[in-house]
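Reading through the structure tokens given below for one structure.
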Amino acid sequence: MAVALGPFGWWRRWRRRLSAREVSRMLLLLLLLGSGQGPRQVGAGQTFEYLKREHSLSKPYQGVGTSSSSLWNLMGNAMVMTQYIRLTPDMQSKQGALWNRVPCFLRDWELQVHFRIHGQGKKNLHGDGLAIWYTKDRMQPGPVFGNMDKFVGLGVFVDTYPNEEKQQERVFPYISAMVNNGSLSYDHERDGRPTELGGCTAIVRNLHYDTFLVIRYVKRHLTIMMDIDGKHEWRDCIEVPGVRLPRGYYFGTSSITGDLSDNHDVISLKLFELTVERTPEEEKLHRDVFLPSVDNMKLPEMTAPLPPLSGLALFLIVFFSLVFSVFAIVIGIILYNKWQDQSRKRFY
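Going by mature numbering (1 follows the signal peptide of the UniProt record, and there is no 0), the letters in the sequence shown line up with residues -44 to -1, 1 to 304, in that order.
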């Protein structure tokens, strides 16, 4: 006679056939899939992505900017709202920023940015835009979309106001990217054209649907795409091979207004670790670098910082310096005494 197993009877029957290790693996997989943290395949190749919560931000923004345990810091006029983080309000002469406190040591990654730019300004009477950063320094206010000039790292700019009046090649708003080793200045008067890696037009102001930007860095290949048409499809914007970015830099976003203004809002920042297959030859070619650079692009040379000395190395340097000093003093005394003896013999 058949016996009803009940709602959990199938689990009890299968549990008898599985070892404790297999059961624990199944439960862990179910938890990962249920929480959205499990691996997800990207594209046709063997590439998987994992959400890194220590570098990500989404609603609700509990403790952001106020708690010492928060992973994100606010700067300037940035403020936390219920549905977004406002970098700058639609007011003149404001600047604000949002910075991750944890340095990123991932080799391959993808950053998805959900943002909104809107305001009361009509036609070209609005500005200035926002920037997304992966840089060595954080929380450094300055003139480049609210961040410091001569930064070290990567900057991606959503520029909403054309400063160069004579140019007619571009339609604003405009997305561009720049890699800097600390030697270059961002040219505001020419909207960053002398140092940009590439760019595209992006009509992102006052839209009634979500706007997204994605920055992907895989095998030293930088790709920037956008979803700004309300179709939930990525559209190519910038693609640059041979981009060399050090690990251990910080993610952030900033904005600034001048005589013209806009609301610059960030809804979420989601960073994914990308796992890709590499051949032994690729492993050799993709070693860590100390300064950002781009192949086939000449940047003014900057000296890479020397690694800090260990305690033992510092002790040995001090010790041998003292020994050398004592030895030099002893030699000096011996030579002085010989000189005095020779002087006395002359008088006899």
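All C-beta atoms, glycine included, are put in the ideal place defined by N, C-alpha and C.
A quick note: this is a predicted structure, and the numbers were derived from the prediction, not measured.
- Message: Could you tell me which whole beta strand (DSSP E) segments of length 3 or greater appear in the region 36 to 97?
- Response: 41 to 44, 51 to 56, 65 to 74, 85 to 91
- Member of Leu270, Leu241, Met253, Pro129 whose CA lies at the smallest distance from the CA of Ala158: Pro129
- Since Phe241 is in the alpha helix (DSSP H), which residue starts that stretch and which ends it? Contrary to the premise, residue 241 reads as Leu rather than Phe in this sequence. Here the alpha helix (DSSP H) through Leu241 covers 236 to 241.
- Query: Quick one: what's Ala220 bridged to in DSSP?
  - Reply: The question names Ala, but residue 220 is His in the sequence shown. Beta-bridge pairing links His220 to Thr44, Ile73.
- Item | For Leu30 and Leu227, believed in contact at Cβ under 8 Å, the rounded distance | Going by Cβ atoms, the distance from Leu227 to Leu30 rounds to 18 Å, so no, they are not a contact pair.
- Message: Quick check on DSSP: helix, strand or coil for Thr151?
- Response: helix
- Message: If you measure between the beta carbons of Pro202 and Val160, is that distance less than 7 Å?
- Response: no
- Query: Going along the chain, which residues of its own chain have a beta-carbon closer than 6 Å to the beta-carbon of Lys187, five neighbours each way excluded?
  - Reply: Excluding positions up to five away in sequence, the list is empty.
- Task: Please state if the CB of Phe101 and the CB of Ile212 are separated by a distance shorter than 7 Å.
- Result: yes
- Task: Indicate whether the contact test is met: 3 or more Cβ pairs, each with one atom in the region 12 to 20 and one in the region 177 to 186, closer than 8 Å.
- Result: no
- Item | Own chain, CB closer than 7 Å to Ile285, minus 5 neighbours either side, in chain order | none
- Can you give the beta carbon distance from Thr209 to Leu7, rounded, assuming they're within the 8 Å contact cut? Not a contact, Cβ separation roughly 18 Å.
- Message: Quick check on DSSP: helix, strand or coil for Leu268?
- Response: Per DSSP, reduced to three states, the secondary structure at Leu268 is helical.
- Item | Beta carbon of Ser132 nearer than 7 Å to that of Glu152 | In this structure, Ser132 places its C-beta atom within 7 Å of the C-beta atom of Glu152.
- Message: Mapping the DSSP letters down to three states, classify Ile180 as helix, strand or coil.
- Response: Correct three-state label for Ile180: strand.
- Is the CB-CB distance between Ser249 and Asp46 below 7 Å? no
- Query: Among Arg200, Glu229, Phe275, which has the Cα closest to the Cα of Arg243?
  - Reply: Arg200
- Find out if the Cβ-Cβ distance for the pair Tyr205, Thr91 is shorter than 7 Å. yes
- Query: Roughly how many angstroms lie between the CA atoms of Val174 and Val135, to the nearest whole one?
  - Reply: 16 Å
- Helix, strand or coil at Ala133 according to DSSP, with G and I counted as helix: strand
- Message: Nearest by alpha-carbon distance to Ala34: which of Ser24, His220, Pro99, Asp215 is it?
- Response: His220
- Message: With the cut-off set at 7 Å, would you say Ile41 and Val222 are in Cβ contact?
- Response: Yes, these two residues count as a Cβ contact at 7 Å.
- How long is the line joining the alpha carbons of Val58 and Gln96, rounded to whole angstroms? 16 Å
- Alpha-carbon to alpha-carbon, Glu237 and Leu86: Their Cα atoms are separated by approximately 39 Å.
- Query: How would you call Gly198, buried or exposed, if buried means at least 16 neighbouring beta carbons within 10 angstroms?
  - Reply: exposed
- Task: Starting from Met31, follow the beta strand (DSSP E) in both directions and report where the run begins and ends.
- Result: 28 to 32
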